[in-house]
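Enquirer: Mind having a look at this structure? Questions to follow.
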Amino acid sequence: RTTLTHAGGITGMRRIADFASLYQVRTGSHGPSDLSPVCMAAALHFDLWVPNFGVQEYMGYSEQMLEVFPHNWTFDNGYMHPGDKPGLGIEFDEKLAAKYPYEPAYLPVARLEDGTLWNW
1 RTTLTHAGGI TGMRRIADFA SLYQVRTGSH GPSDLSPVCM AAALHFDLWV
51 PNFGVQEYMG YSEQMLEVFP HNWTFDNGYM HPGDKPGLGI EFDEKLAAKY
101 PYEPAYLPVA RLEDGTLWNW
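Here is the structure:
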């Protein structure tokens, strides 16, 4: 399972998918709601292109997030549809986004007694 923003963008995802296809492995794009709908739209378009597509995770977004990022893709009956707008089919409302200032958040980090990072 890969995340577009952590894999080096669309080019990085393509390299991973190309390598996976050598071993008949299908892709599985990560779609967490803590990444913006821009990332989701890019992952969806990548999925539609890649020959060894497997599954696209989709967790949904808050109403505020969807207002800030108007988009054309839809999720219906277990399927995602990209819509018909050009490009990724997504916009960004800067004025509305200003109402929601960024607040840093950190995931907990668990370590073993020897300092080794471990799942939390």
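Residue numbers are given in the UniProt record's numbering: position 15 of the sequence shown equals residue 15, and the series is strictly consecutive. All residues carry an ideal CB built from backbone N, CA and C; glycine is no exception. It should be emphasised that the depicted structure is a prediction, and the values quoted were computed from it without experimental measurement.
Identify which residue in L48, L35, N52 and F46 has its Cα closest to the Cα of L66.
Expert: On the sequence shown, position 66 is the one that residue 66 refers to. Of the listed residues, the one whose Cα sits closest to L66 is L35.
Enquirer: Rounding to the nearest angstrom, what Cα-Cα distance links M80 and S29 in this structure?
Expert: Looking up residue 80 in the sequence shown gives position 80. Looking up residue 29 in the sequence shown gives position 29. Going by the C-alpha atoms only, they are around 13 Å apart.
Enquirer: Alpha carbon to alpha carbon, how far is N52 from S21? Give it in angstroms, no decimals.
Expert: The count along the sequence shown starts at 1 and reaches residue 21 at position 21. The count along the sequence shown starts at 1 and reaches residue 52 at position 52. Rounded to whole angstroms, S21 to N52 spans 6 Å at the Cα level.
Enquirer: Could you tell me which uninterrupted alpha helix (DSSP H) segments, each at least 4 residues in length, are contained entirely in the UniProt domain "Enolase C-terminal" (4-95), listed from first to last along the chain?
Expert: If we require 4 residues or more, the alpha helix (DSSP H) runs fully inside the UniProt domain "Enolase C-terminal" (4-95) come out as 9-21, 37-49 and 63-68.
Enquirer: In terms of alpha-carbon separation, which member of V109, P108 and E94 lies closest to Y102?
Expert: The count along the sequence shown starts at 1 and reaches residue 102 at position 102. The option with the nearest alpha carbon to Y102 is E94.
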